[in-house]
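As you go down the protein sequences, you meet chains P and B in turn. In terms of the working numbering, the first sequence opens at residue -14 and continues consecutively. In terms of the working numbering, the second sequence opens at residue -14 and continues consecutively. All residues carry an ideal CB built from backbone N, CA and C; glycine is no exception. Keep in mind it's a predicted model, so treat the numbers as computed, not measured. First up is the structure itself, then whatever we jot down about it.
Number of protein chains: 2
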Amino acid sequence: MAQESYSDTLTATALTLKDIAREAGVSLATVDRVLHNRPGVRPDTVRRVKEAIERNSFQPHVAAAELARGRARRFAFVMPSGPNPFMQQIEAYLGEMSAWLSARRLAVEMVATDVFDPSVLAASLETLSGDYDGVAVVALDHPGVRAAINDLVDAGTKVVTLVSDVPSSRRHHYVGIDNIAAGRTAGALVGRLVGQRSGKVAIVAGSQGLRDHAERIFGFNQVMASEFPGLTVLPVLEGRDEDERSEQLLARLLGRHADIVGLYNVGAGTQGVAKALSDAGRDKQVAFVGHDVTALTRRLLLQGVMDAAISQNPGHEARAAVRVLLALARGEPILREQEKIRIDIVMRDNLP
Amino acid sequence: MAQESYSDTLTATALTLKDIAREAGVSLATVDRVLHNRPGVRPDTVRRVKEAIERNSFQPHVAAAELARGRARRFAFVMPSGPNPFMQQIEAYLGEMSAWLSARRLAVEMVATDVFDPSVLAASLETLSGDYDGVAVVALDHPGVRAAINDLVDAGTKVVTLVSDVPSSRRHHYVGIDNIAAGRTAGALVGRLVGQRSGKVAIVAGSQGLRDHAERIFGFNQVMASEFPGLTVLPVLEGRDEDERSEQLLARLLGRHADIVGLYNVGAGTQGVAKALSDAGRDKQVAFVGHDVTALTRRLLLQGVMDAAISQNPGHEARAAVRVLLALARGEPILREQEKIRIDIVMRDNLP
DNA sequence: CTCAAAATGAGTTGCGTACCTCAAAACACA
DNA sequence: TGTGTTTTGAGGTACGCAACTCATTTTGAG
């Protein structure tokens, strides 16, 4: 029976600190000093130890390290205080992890605050200093917030931004999507779903002042301009993520333009947008693309009112934030590929 | 400065086995016996201990448990021996995890074998028995294979099927996508991308004997029949996942039918399919949907030859398989939501 | 060369669990 | 009642590392 199978192992043999000490010709105490950046070691010795670690690609045994350090780790999630379904989902997914968390002696705390007021958010962040090993924050890009983040980082706290980034800060990691690419994806979808037809395309956003919305619109327009010359993009409607306002604005627009063939809803207010479209009896003719999979968008997709939703998986974001904070705290490498949040295109048949 | 923030902790306090022993009014040794299903404990005592564990929602400290058990865990990945790009990607992603693996003292070994020959595959699986704590296998659904899997499970090895499932076996978990849903998604995409036009749709598959291909075709036809009555699906071309054969078959079909507006490539052989389409000068008129993001499909998407790829993230599959095996081996709960493989729709603008 | 400062070695303790041994207690049955 | 069996307790050791103390050696400045 020809088996013809090769086998190939993917891991190094398990060395311990003792082996490294012997390799480097020093004592365990010195290796420990080097490993934890403790003072009192000659630069030359540091080098020798680090070389020995490199040479053997030594990895400290996570379990042993975790057990030895004793105290549990504390992470804080700083989230918007309003009733935001997306944020509630993130919180729910963190709840589902509770067994996973406690088996690792991790404590995750939710801190709700007004993330849209820079000074309040900054103050919230300041109060966390020292108490936590890591902080995940849905941040506004503002100088005060940036400073607060940098202070946390300087105090040794690991910081990841969640959903909305503050690239100018020294945060360790960003867990969220590339919003320009998300907008481009939406544009490509609307354009393709419209098909041969030419006509106008409407955009409903919360506000162009929000970084993520602005970026999405930018990406959307980019694709429209370069690839779908037959489509004209109408000025952005600012619905402030509210259902009523979005509905009114869109209803008026639909009334004025009989040749609207595409619609991009950048933020929330989806209920209102869908209502305006249905009430006008145009939900079947207009290619409608929005964001996020919620109970509402799920229903709209199934009904055929909405054609596609651009989604960032909230469960993935919650877990990625925790994993990244943990890896940072432990000094482990981050699996970039794993922690990257993808832009999901969700249509009726691949609804999760 | 109104802070208005509440805080809410998500983890229980950390109890140890000693606490459980005191709670249950027994010794540490007895708790240990119960926890590991060792014999010699009265049913009544077992109940008391388990109640104490439940009552306090006790979670064994993963790190301590891992450290105490000493020996490392070994997992085997049984994969097709041919030069399959998808499988190579899985292998590559496992390689990227090597630091993560060795920090946890996990050894992952690749076993290449002819997974398309049931007896060879079954024999391969049999040889693994006893040597591994867990096995991930790209399996063929066949009685012999099923039996081999069940034997492994009976021997205490944790088994997950990868990419292709054997639902009739007693494998602990399946890491992969729902192929019927994938086919439905492809159908919806082709239908939507074709737009108003009516005409014919071609399908190129490896073989209808492969379970995943058959399921995809089934889902595809389902959607076509119910939702796109204007489109006629032509008989499936069986390209055996080979470029040349696929090209020839498709070229002939294109020659015979001038009104082909959609194309679904179910498996590999993508190179040939694309060539036939381009050579006929019809790549812009035909809505072309295929599977998997590889160097080739990436290029075709960017060129506009291919319109969308249905993808199952190989990196995610590799990591999910490892995590699931690890959780099973440790007796930890599996984060279903995390390990579920989603059906990704990849178009030019959300290429990962 | 002397002496203090810096660098290093040697050792201890404890983290929470797994796994083991041996003795003692509780029990079942005749 | 005694005997044999089952159940339970008590305790130890080990896992690899963090974090610490204290003694000893090396170094460099004067």
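GLY176 (chain B): member of the alpha helix (DSSP H) spanning 164 to 179, first to last residue. Within the segment 244 to 301 of chain P, the complete alpha helix (DSSP H) segments of 4 residues or longer fall at 255 to 264 and 280 to 288, listed in chain order. Counting every other CB atom within 10 Å of its CB across the protein chains shown gives ALA140 (chain B) a total below 16, marking it as exposed. Classified as buried, SER87 (chain P) has 16 or more neighbouring CB atoms from the shown chains inside 10 Å of its CB. Per DSSP, reduced to three states, the secondary structure at VAL11 (chain B) is coil, with no helix or strand assignment. Nearest to ALA48 (chain P) by alpha-carbon distance, out of B:SER42, B:PHE43, B:GLY55 and B:GLN44, is B:GLY55. Here GLU111 (chain B) has ALA133 as same chain residues with Cβ atoms under 6 Å from its own Cβ, once five neighbours each way along the sequence are excluded.
Between TYR117 (chain P) and VAL274 (chain P), the alpha-carbon positions lie close to 40 Å from each other. For ILE75 (chain P), the enclosing alpha helix (DSSP H) stretches over residues 70 to 81. Residue environment analysis places ARG131 (chain B) among the buried positions, since at least 16 neighbouring C-beta atoms fall within 10 angstroms of its C-beta. Among the bridge pairs identified by DSSP, ASP329 (chain P) is matched with P:SER296.
A Cβ of chain B is located within less than 8 Å of the beta carbon of GLU317 (chain P). For the 8 Å CB-CB criterion, ASP277 (chain B) and SER263 (chain B) do not form a contact. Look at VAL160 (chain P) here: in three-state DSSP terms it is strand. For ILE202 (chain P), the enclosing alpha helix (DSSP H) starts and ends at 196 to 212. Listed in chain order, the positions of the segment 149 to 182 of chain P with a beta carbon within less than 7 Å of a beta carbon of chain B are ALA166, ARG169, THR170, ALA173, ARG177, LEU178, GLY180 and GLN181. ARG177 (chain P) is classed as buried because its beta carbon has at least 16 other beta carbons within 10 Å across all chains shown.
Listed along chain P, the residues sitting closer than 8 Å to GLN44 (chain B) by beta-carbon distance are ALA84, SER87 and ALA88. Look at the beta carbons and you see the segment 7 to 14 of chain B not touching the segment 191 to 207 of chain B: under three pairs across the two are nearer than 8 Å. Close partners of GLN323 (chain B) in chain P (Cβ separation under 8 Å): GLY300, HIS301 and ARG304. For ASN335 (chain B), the chain P residues whose C-beta falls within less than 9 Å of its own C-beta are ALA166, ALA167, ARG169, THR170, ALA173, ILE295, ARG327, ILE328, ASP329 and ILE330, listed in chain order. Considering only P:ARG156, P:GLN270, P:LYS143 and P:GLN44, the residue with the shortest C-alpha distance to VAL186 (chain P) is P:GLN270.
Between VAL189 (chain B) and the set B:PRO68, B:LEU219, B:ARG89 and B:ASN22, the nearest pair of CA atoms involves B:LEU219. Not a single C-beta of chain P is nearer than 8 Å to the C-beta of ALA6 (chain B). Contacts with chain P at 8 Å (Cβ-Cβ) include ALA48 (chain B).
With a beta-carbon spacing of about 38 Å, ALA312 (chain B) and ASP292 (chain B) fall beyond the 8 Å limit used to define contacts. The residue among P:VAL258, P:PRO152, P:ARG156 and P:SER149 with its C-alpha nearest the C-alpha of LYS143 (chain P) is P:ARG156. Counting C-beta pairs closer than 8 Å gives three or more between the segment 56 to 65 of chain P and the segment 78 to 93 of chain P, which meets the contact rule. For LEU320 (chain B), the closest Cβ of chain P is nearer than 8 Å. Beyond the five residues adjoining it in sequence on each side, GLU322 (chain P) comes within less than 7 Å, by CB distance, of no other residue in the same chain. Of all residues in the segment 198 to 220 of chain B, only GLY204 and VAL208 place a beta-carbon less than 9 Å from a beta-carbon of chain P.
Within chain P, no C-beta atom comes less than 9 Å from the C-beta of ALA121 (chain B); the nearest is roughly 13 Å away.
GLU324 (chain P) sits away from GLY161 (chain P), with the two beta carbons spaced by 8 Å or more.
LYS35 (chain B) has no beta-bridge partner at all, per DSSP.
Per DSSP, the unbroken beta strand (DSSP E) holding LEU216 (chain B) starts and ends at 216 to 218. Of the residues P:GLY191, P:LEU239 and P:GLY257, the one whose Cα lies closest to the Cα of GLY184 (chain P) is P:LEU239.
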